[in-house]
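In the numbering used here, the protein residues as written are 129 to 707.
Glycine is no exception: its CB is placed at the ideal position from the N, C-alpha and C atoms.
A short write-up of the structure that comes next.
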Amino acid sequence: MAKKSKESLGFINSHTHVFTKDHVPEHLARQFVPGPIYKWLKTSKVISKLKKYYEPTEDHYSYTQRNKRWDAYQSKIKIKRNPILRYSVLFIKILSWLLFVYYFFQLVKPLLFKSIVGKIIYGIILFPLDYILPLIESSWNIFVLLFLIAIAFKFVRKGIWKLLKSRFIKIIGSDRLEYLLRFENLLRYSGYASQGEIFKKLKQQYPPNTQFVVLPMDMEFMEADKVPEPYIKQMDDLMILKSNNKDVIFPFVFVDPRRIENQTDEDPFFKYDATNPTEIKLEKCHLKTYLDGGACGIKIYPALGYYPFDKNLLPLWLYCAQNEIPITTHCSVGPIFYRGEKKVEWDRHPIFEEVIQNEKDNQPKKIEKLRLQQIKNKDFQANFTHPLNYTCLLLPKYLKGLLELKEYKHLQFLFGYSKNKLERNLSTLKINLAHYGGSENWDVFLSKDREQEANEILNKPNTGLNLASDLLNLANLYRHWHYTDWFSLISSMMIEFENVYTDISYTTHENKYLNLLAEILDHPKVENKVLFGTDFYVVSNQKTEKQYWIDMKNMMGSNKWHSLSYKNPKRFLYHKVFK
Numbered sequence: 129m130a131k132k133s134k135e136s137l138g139f140i141n142s143h144t145h146v147f148t149k150d151h152v153p154e155h156l157a158r159q160f161v162p163g164p165i166y167k168w169l170k171t172s173k174v175i176s177k178l179k180k181y182y183e184p185t186e187d188h189y190s191y192t193q194r195n196k197r198w199d200a201y202q203s204k205i206k207i208k209r210n211p212i213l214r215y216s217v218l219f220i221k222i223l224s225w226l227l228f229v230y231y232f233f234q235l236v237k238p239l240l241f242k243s244i245v246g247k248i249i250y251g252i253i254l255f256p257l258d259y260i261l262p263l264i265e266s267s268w269n270i271f272v273l274l275f276l277i278a279i280a281f282k283f284v285r286k287g288i289w290k291l292l293k294s295r296f297i298k299i300i301g302s303d304r305l306e307y308l309l310r311f312e313n314l315l316r317y318s319g320y321a322s323q324g325e326i327f328k329k330l331k332q333q334y335p336p337n338t339q340f341v342v343l344p345m346d347m348e349f350m351e352a353d354k355v356p357e358p359y360i361k362q363m364d365d366l367m368i369l370k371s372n373n374k375d376v377i378f379p380f381v382f383v384d385p386r387r388i389e390n391q392t393d394e395d396p397f398f399k400y401d402a403t404n405p406t407e408i409k410l411e412k413c414h415l416k417t418y419l420d421g422g423a424c425g426i427k428i429y430p431a432l433g434y435y436p437f438d439k440n441l442l443p444l445w446l447y448c449a450q451n452e453i454p455i456t457t458h459c460s461v462g463p464i465f466y467r468g469e470k471k472v473e474w475d476r477h478p479i480f481e482e483v484i485q486n487e488k489d490n491q492p493k494k495i496e497k498l499r500l501q502q503i504k505n506k507d508f509q510a511n512f513t514h515p516l517n518y519t520c521l522l523l524p525k526y527l528k529g530l531l532e533l534k535e536y537k538h539l540q541f542l543f544g545y546s547k548n549k550l551e552r553n554l555s556t557l558k559i560n561l562a563h564y565g566g567s568e569n570w571d572v573f574l575s576k577d578r579e580q581e582a583n584e585i586l587n588k589p590n591t592g593l594n595l596a597s598d599l600l601n602l603a604n605l606y607r608h609w610h611y612t613d614w615f616s617l618i619s620s621m622m623i624e625f626e627n628v629y630t631d632i633s634y635t636t637h638e639n640k641y642l643n644l645l646a647e648i649l650d651h652p653k654v655e656n657k658v659l660f661g662t663d664f665y666v667v668s669n670q671k672t673e674k675q676y677w678i679d680m681k682n683m684m685g686s687n688k689w690h691s692l693s694y695k696n697p698k699r700f701l702y703h704k705v706f707k
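The structure is reproduced here in structure tokens:
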């Protein structure tokens, strides 16, 4: 039998979303805008407004509207083709702007005269016009005139809008603008009626033999008000979509530890039999139903307010490790994060420590839990999504430390805990640290030329940062947590740990990042660990879905693209439950 070509095998997008507005809480704007304003900006209302803004009206294609657009064109082209009309319109525009600018500066004249620069501007540009244009002494009358000019002429309104828009972008900065655009795009796409409708928008931008990992979202515990449709209904509908696209969709199951914490005996989300801890089995529960029905992995999103080593997740992670079930976790910062009040216990890391005082004047060294000082939730989320948190699962030393905490002690038997060692650990846990740390961390990596940590991926390809031993030194731990870029950390974790993967969803939306991606894919211990993904539909604010994969495919070359989009995802998705 002839061997199939790489093109005929198709490819796999390892990171997509199809959740709708019914799965997004009403107060998602909380902590984006001050309270109580966020209460007025309900998600459903914002989506409705965005839909009206971006989508044509119902009668857009009617004969009446088409004829109106033609009449408008005829008027414009008539002016363009007639020199007398064209120069007359130009004269009116110049005169209108001259009046607007002159009287606007008359309005702010007292402020201008407070600085030398203002006096120079007035003297050069405005002073000559004092002899031509009439003086209006009343500020109120000037304001009315400016208002009437803006109302009368559309080009004036457009000019004012462009100026205000450019100032707004400059004030908030490029990083915040990127944040807001992602937030807006998330709301706009989630406005479609069903997951099936969104999936159709995704699928039509790919070749027929493409397959998709679909990641749901459970936002019921992020303290942003109620979610219109329960998460269980979202998953049930996704599994129906899977059954209708059996070999096309690979759904994951979103697991929030607070859902497990609040589950009932009558309707459990996650229930297991640990009679034999070396072979944990699922009992009747929602998770078992989904995995039996074709779900092929677990999704978590720690930015919603928890650590990936939460006590309610450890039994699931042991089950996943025993069955090679893949886990995709959000490992960057973004617009979806916990919106509630910060808890007191979040001021320090549960496991990691730092030295706060060295030995001095017969005083012993003082060690405390690592202090986390971010005030705002959008900044603090980085502590939940930090890649080093996963070493608390992958390194037996930290896992053992977890099990010694009071709230974890009931789980010691699962891992065969003793003071000397663990009989069972999570070192082979299969984890995709999604987004490869985010583009902002790629920028940090590329910009650092003197920091040793940012260069060890390149000059120590066999060990990278060697985290397993480096983290034993608390000074190194502190430095890696606060200062080492996440690109270097995740790359090192892929080098050190057998089953740590990453995907490049959203992160490589700019072609400048593809050069770094091509370089890291030459690394022998990394080339088989990176997955193609787009983060549809969030990435749509940067470029279309088809442009994203076409750019990457053609810039990576055949072999690297095949590894990214087929070989690596196929290896990552394989496990004993779903083959």
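| query | result |
| --- | --- |
| DSSP beta-bridge partners for Glu482? | Glu496 |
| CB His145 to CB Leu432, shorter than 8 Å? | no |
| CB-CB under 8 Å to Ala130, same chain, minus the five flanking residues each way: which ones, in chain order? | Reliability fails at Ala130, whose pLDDT of 47 lies under 50, so the model's placement of it is uncertain and the value that follows must be treated cautiously. Answer for Ala130: no residue qualifies. |
| According to DSSP, is His477 part of a helix, a strand, or is it coil? | strand |
| Please report the distance separating the alpha-carbon of Gln540 from that of Lys688. | 43 Å |
| Using a 10 Å radius around the Cβ and a threshold of 16 neighbouring Cβ atoms, would you call Met490 buried or exposed? | Reading off the sequence, residue 490 comes out as Asn, not Met. Label assigned to Asn490: exposed. |
| Taking the straight line between their C-alpha atoms, what separation do you get for Gly468 and Pro515? | 23 Å |
| Let's see if you can read the secondary structure: which residues bound the alpha helix (DSSP H) around Phe82? | The displayed coordinates of the chain run from 129 to 707. Any statement about residue 82 would go beyond what the structure contains. |
| In whole angstroms, what separates the C-alpha of Phe664 from that of Leu261? | 56 Å |
| Per DSSP, what are the beta-bridge partners of Lys409 in this structure? | Asp401 |
| Roughly how many angstroms separate the alpha carbons of Ile212 and Phe296, rounded to a whole number? | 38 Å |
| From the DSSP output, in three-state form, read off Lys688 for me. | helix |
| Helix, strand or coil: which one does DSSP assign to Ser567? | helix |
| From the DSSP output, in three-state form, read off Arg552 for me. | coil |
| Are the beta-carbon atoms belonging to Thr556 and Asn639 less than 8 Å from one another? | no |
| Suppose contacts are defined by Cβ-Cβ distances below 8 Å. Is His143 in contact with Asp631 by that definition? | yes |
| Please say whether Leu254 and Phe275 have beta carbons closer to each other than 8 Å? | no |
| Rounded to whole angstroms, what's the CA-CA distance from Phe283 to Ile222? Just pull it up for me. | 11 Å |
| Mark Trp677 as exposed unless 16 or more other C-beta atoms lie within 10 angstroms of its C-beta, in which case mark it buried. | buried |
| Who are Asn334's beta bridge partners in DSSP? | Looking at the sequence itself, residue 334 is Tyr, so the reference to Asn does not match. BP columns for Tyr334 are empty, so no partner. |
| Helix or strand or just coil, what does DSSP make of Asp364? | helix |
| Contact defined as beta carbons within less than 8 Å: I believe Cys520 pairs with Ile479. What is the distance between those atoms, to the nearest angstrom? | 5 Å |
| From Asn569 to Ser294, what does the alpha carbon distance come to, in whole angstroms? | 26 Å |
| Does the beta-carbon of Val629 have 16 or more other beta-carbons within 10 angstroms, so that it is buried, or is it exposed? | Rather than Val, the amino acid found at residue 629 in this sequence is Tyr. Its Cβ being crowded by 16 or more others within 10 Å, Tyr629 is buried. |
| Using the three-state DSSP reduction, which class does Ser142 fall into: helix, strand or coil? | strand |
| Helix, strand or coil, according to DSSP, for Leu593 in the structure here? | coil |
| Relative to the C-alpha of Ser625, which residue among Leu554, Gly566, Asp571 is closest? | Here the sequence assigns Phe to residue 625, which means Ser is not the residue at that position. The shortest C-alpha separation from Phe625 is found at Leu554. |
| Can you give me the start and stop residues for the alpha helix (DSSP H) that Asp631 sits inside? | From DSSP, Asp631 is part of no alpha helix (DSSP H) but of the beta strand (DSSP E) over 628-631. |
| Here's the rule I'm using: 16 or more other beta-carbon atoms within 10 Å means buried, otherwise exposed. How should Asp375 be labelled? | exposed |
| Distance, Cα to Cα, Asn583 vs Ser597? | 18 Å |
| Would you call Gly565 buried or exposed, if buried means 16 or more other Cβ atoms sit within 10 Å of its Cβ? | buried |
| Would you mind sorting Ala321 into buried or exposed? The rule is 16 or more other CB atoms within 10 Å of its CB. | exposed |
| With 16 as the cutoff for other CB atoms within 10 Å, does Asp577 come out buried or exposed? | exposed |
| For Glu593 versus Leu574, is the C-beta spacing smaller than 8 Å? | What sits at residue 593 in the sequence shown is Leu, not Glu. It is not a contact, given that the beta carbons lie outside the stated cut-off. |
| How about Phe437 and Leu522: do their beta carbons lie closer than 8 Å? | no |
| Could you compute how far the alpha carbon of Phe340 sits from the alpha carbon of Trp474? | 36 Å |
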